[in-house]
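Peer 1: Mind having a look at this structure? Questions to follow.
There are 2 protein chains.
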Amino acid sequence: MRPTVHDIAAEAGVSLATVDRVLNNRPGVRSVTRDKVERAIATLGYVRDVAAANLAKGRSYPLIFILPGGENAFMRGLEAEVRAAMARSPAERTEIALLCVPAFDARALADALAEAHRRRPAGVAVVAVDAPEVTQAVKRLRDDGIVVVTLVSDLPGSARDHFAGVDNIAAGRTAGNLMGRFLRGRKGPVAVVAGSMLVRDHRERLEGFQAVIRDCFRARQILPVVEGQDDAALVEKLVAALLERHPDLAGIYSLGAGNRGLVAALQQAGRAEAVCAIAHELTPHSRAALLSGTIDVLLNQDAGHEIRSAIRVLKAKADGLPVIEAQERIRIDIFLKDNLPNGQA
Amino acid sequence: MRPTVHDIAAEAGVSLATVDRVLNNRPGVRSVTRDKVERAIATLGYVRDVAAANLAKGRSYPLIFILPGGENAFMRGLEAEVRAAMARSPAERTEIALLCVPAFDARALADALAEAHRRRPAGVAVVAVDAPEVTQAVKRLRDDGIVVVTLVSDLPGSARDHFAGVDNIAAGRTAGNLMGRFLRGRKGPVAVVAGSMLVRDHRERLEGFQAVIRDCFRARQILPVVEGQDDAALVEKLVAALLERHPDLAGIYSLGAGNRGLVAALQQAGRAEAVCAIAHELTPHSRAALLSGTIDVLLNQDAGHEIRSAIRVLKAKADGLPVIEAQERIRIDIFLKDNLPNGQA
DNA sequence: GAAGTTTTGATGTACGTAAATCAAAAATTT
DNA sequence: AAATTTTTGATTTACGTACATCAAAACTTC
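Residue numbers (our numbering), protein chains in the order written: chain A, 14 to 358; chain B, 14 to 358.
Below, the structure is given as structure tokens:
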């Protein structure tokens with residue numbers, strides 16, 4: 014049987030109350046006594062029963078999620094996962110609130126963070142926009158002991174406790190590597206369509222993609238990046254223009270959202286087969302495009318995993334517990350039409 | 014506040030004892046009364062506090078993991094993850110035992126399952142060998158209410174409760190798709206090296222690979238599969254022979270273990286660059302080979318995720334609880350040298 | 001060594017559920 | 001309607017921890 018506080022009290026030759034004082038570092042214990050107890054804990058290998066402790070404490074975890082609004086299918090998928098987590102709340106002792114803010118708007122995001130601060134939750138998860146006012150708002154949360162996890166797009170150099178998202182430089186590199194190999198022997202430049210250079214994840218994907226093409230596929234020209242604001246209509250216009258201007262375009266890397274526009278433009282121009290398209294995020298539309306061959310590869314981050322991971326980390330950090338790093342690493346899914354999962358999205 | 018059994022008793026106008034009888038379907042409740050209670054549960058949205066219930070029950074989960082022995086690096090990785098789970102046991106209320114059996118030996122595996130049966134655990138996780146005596150042994154476990162999860166290699170048509178592993182047909186198809194695209198414009202046949210056709214996962218990978226090459230890359234010849242028994246020395250001999258016999262060999266798909274042999278043979282023959290190699294499982298050796306360019310793509314299943322998933326499912330099924338399917342889907346990692354995770358393996 | 005302060009012990013209640021016991025009430029059978 | 005069986009209620013203990021209270025003991029300090 015695993016040892017309990019009673020066993021420790023016996024082993025250390027002190028009372029239960031003293032063990033309790035040590036465990037919850039309450040005042041009024043001489044350091045000699047504290048040592049005795051800590052030695053007993055070590056020799057017996059005592060681990061606090063978190064479930065029992067939470068039960069006794071009646072602990073719950075008020076959490077706030079802040080996501081960009083708009084029609085971005087991936088973000089709406091994230092939102093759906095947050096709502097699924099809300100439904101599980103009673104079983105997980107969480108109380109989750111959801112805030113939506115305009116996309117790519119640092120000011121609005123900072124305001125939302127301030128609002129979150131006012132509500133004094135145990136933790137906040139936020140899809141970050143990389144801007145000083147956001148960094149500062151995060152710092153203020155941390156200063157009040159509120160755990161902050163960035164989601165999807167990170168805010169390095171800020172005080173955030175954890176990033177729940179993929180390595181976007183690696184994602185960009187992966188896209189570059191696959192694009193380079195798939196186009197072996199074919200001529201023509203490749204284009205990059207981003208959402209906005211204001212968010213870190215897009216900047217990092219671009220950086221990784223460019224680095225690999227530059228270093229490993231030197232002959233391949235990369236056209237200047239175009240920004241589609243994650244908006245399908247705008248993306249369609251931009252891609253159509255690209256296709257017209259570059260009849261020899263060999264590939265397109267779409268590293269943001271709005272892929273409906275990408276697909277529409279490619280099909281409109283009758284270049285769906287000819288142009289190698291690599292895009293991000295599995296949505297109903299992108300899935301269909303992958304299956305039809307318009308999109309060749311989809312890089313994806315599993316929204317469900319990200320949300321569940323964020324919640325696990327928020328709860329653990331709120332309790333000052335360690336997290337299993339390997340378990341919380343969000344992986345880059347690479348989907349070809351052959352390894353698409355059946356379910357959702 | 015979330016409702017408790019007391020609230021249900023009040024709402025239903027019955028006593029606590031009756032609520033308890035309904036909740037834990039103990040006998041001695043008229044169906045009218047049972048209905049009243051169930052309606053109260055529904056209207057209040059009561060969810061059992063699993064933590065409190067487990068605490069009260071003093072529940073623990075004795076589990077047995079059965080893995081193949083030998084030097085297979087992936088299996089040793091699995092074992093390491095099982096040991097890591099053992100270390101977490103006190104916090105997770107599990108009591109995990111580990112049994113190792115000779116690889117590809119159905120008789121030995123059936124015996125191990127019988128031994129596991131004798132120990133009467135709550136659940137068993139097993140890397141299956143596809144044979145009738147194994148299927149029967151699994152059935153006997155199930156008949157005694159012991160949960161069975163297959164790990165890595167499945168046993169469909171058996172009574173197992175769940176499979177914790179990747180879709181191996183999809184994995185094979187993915188390898189085929191990538192191989193076909195990477196070799197575009199290059200001539201020459203491709204070879205397949207398996208471990209043994211006795212295990213389902215290898216058969217399925219082969220099937221998927223062949224199907225894609227046959228359907229999408231018709232011109233590409235596939236050489237007859239060779240079986241390396243997941244043994245590096247044997248694999249090296251076989252691959253060396255293949256390379257000698259086929260100077261124009263364009264690619265090799267290694268769908269089993271023993272990749273040290275594959276890499277050695279390729280490098281020995283000076284064909285590391287020329288031949289496109291796709292292999293399975295991230296190990297220190299295969300990682301090095303990927304980084305050096307000898308291996309072009311690694312398909313991987315995360316051993317840590319598989320073990321943790323198996324444990325979650327075993328516990329849930331042992332309690333008759335539902336599992337979050339999407340969370341338990343083990344994904345096929347596709348690693349290029351650009352998206353290798355830093356950590357372990 | 002008396003007064004004061006700090007440290008420790010003893011004890012009880014609470015969290016939400018499980019499980020058991022015994023008595024009381026209701027339904028069923030005779 | 002009495003006897004029997006089934007169903008229900010009331011109450012208690014337990015799980016492992018948190019937290020509070022009050023008294024007793026051990027240290028300081030003068």
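For each residue, glycine too, the CB sits at the ideal point set by N, CA and C.
#1: Just how far apart, CA to CA, sit residue 288 of chain B and residue 311 of chain B?
#2: Under 8 Å, CB to CB, which of the residues in the region 332 to 352 of chain B have a partner in chain A?
#3: Just to make sure I have the definition right: I need the residues of chain B whose C-beta is within less than 8 Å of the C-beta of residue 68 of chain A. Which are they?
#4: Under a CB-based cut-off of 8 Å, is residue 22 of chain A close to chain B?
#5: Verify the CB distance criterion: does residue 237 of chain A have a CB-CB separation below 8 Å to chain B?
#6: In chain order, which continuous runs of the alpha helix (DSSP H) of length 4 or greater are located wholly inside the region 136 to 189 of chain A?
#7: Whose Cβ in chain A lies nearer than 9 Å to the Cβ of residue 296 of chain B?
#8: Going along the region 164 to 191 of chain B in order, which residues come within less than 8 Å of chain A, judged by CB to CB distance?
#9: Check each residue of the region 101 to 116 of chain A: if its Cβ is closer than 9 Å to any Cβ of chain B, include it; give the result in chain order.
#10: Taking 8 Å as the limit between beta carbons, can you name the residues of its chain near residue 21 of chain A, skipping five residues before and five after?
#11: Under 8 Å between C-beta atoms, does residue 198 of chain B make it to chain A?
#12: Classify residue 185 of chain A as buried or exposed, calling it buried when 16 or more other Cβ atoms lie within 10 Å of its own Cβ.
#13: Exposed or buried, what is residue 120 of chain A when buried is set at 16 or more other beta-carbons lying within 10 Å of its beta-carbon?
#14: When we look at the beta-carbon of residue 180 of chain B and count the other beta-carbons within 10 Å, is it buried (16 or more) or exposed?
#15: Please determine, among B/108, B/100, B/45 and B/77, the residue with the shortest C-alpha to C-alpha distance to residue 14 of chain A.
#16: Assuming residue 42 of chain A contacts residue 34 of chain A under a Cβ cut-off of 8 Å, what Cβ separation, rounded to an integer in Å, is found between them?
#17: By the three-class DSSP mapping on this structure, what secondary structure does residue 259 of chain A have?
#18: Between B/198, B/219 and B/214, which lies nearest to residue 233 of chain B when the distance is taken from Cα to Cα?
#19: Is the region 269 to 286 of chain A touching the region 142 to 161 of chain A in the sense that three or more CB pairs, one from each, lie closer than 8 Å?
#20: Take residue 319 of chain A and list the residues in its own chain whose beta-carbon comes closer than 8 Å to its own, dropping the five residues that flank it on each side.
#21: For the region 225 to 285 of chain B, list the beta strand (DSSP E) runs that are entirely contained and at least 3 residues long, ordered along the chain.
#22: For residue 335 of chain B, collect the residues of the same chain with a Cβ closer than 8 Å to its Cβ; drop the 5 residues on either side in sequence, then sort them by chain order.
#23: Could you say if the region 292 to 304 of chain A and the region 345 to 352 of chain A meet the contact criterion of at least three C-beta pairs nearer than 8 Å?
#24: Go to residue 310 of chain A, then tell me how far its beta strand (DSSP E) extends in each direction, as first and last residue.
#25: Cα separation between residue 236 of chain B and residue 227 of chain B?
#26: Indicate the three-state DSSP secondary structure (helix, strand or coil) for residue 62 of chain B in the structure shown.
#27: Secondary structure at residue 79 of chain B, three-state DSSP: helix, strand or coil?
#28: Taking all protein chains shown into account, decide if residue 309 of chain B is buried (16 or more other Cβ within 10 angstroms of its Cβ) or exposed.
#29: For residue 191 of chain A, name the three-state secondary structure that DSSP assigns.
#30: Using only the alpha-carbon positions, how far apart do residue 18 of chain A and residue 170 of chain A sit?
#31: Quick one: is residue 210 of chain B buried, meaning 16 or more other Cβ sit within 10 Å of its Cβ, or exposed?
#32: Residues bridged to residue 107 of chain B by DSSP?
#33: Based on the DSSP secondary-structure assignment, which residues constitute the bridge partners of residue 204 of chain A?
#34: If you follow the alpha helix (DSSP H) that residue 87 of chain B is part of, which residue opens it and which one closes it?
#35: Kindly indicate which residue of A/346, A/264 and A/323 has the alpha-carbon position closest to the one of residue 337 of chain A.
Peer 2: In brief:
#1: 15 Å
#2: 338, 339, 340, 342, 344, 345, 346, 347, 349, 350, 351 and 352
#3: 62, 64, 65 and 68
#4: no
#5: no
#6: 145 to 156
#7: Neighbours of residue 296 of chain B on chain A: none; closest Cβ ~16 Å, over 9 Å.
#8: 180, 183, 184, 186, 187, 189, 190 and 191
#9: 101, 102, 103, 104 and 106
#10: 32, 50, 53, 54, 57 and 59
#11: yes
#12: buried
#13: exposed
#14: buried
#15: B/108
#16: 5 Å
#17: coil
#18: B/198
#19: no
#20: 91, 94, 164, 165, 177, 178 and 343
#21: 264 to 267
#22: 329
#23: yes
#24: 310 to 313
#25: 12 Å
#26: coil
#27: strand
#28: buried
#29: helix
#30: 41 Å
#31: exposed
#32: B/74
#33: A/265
#34: 86 to 100
#35: A/323
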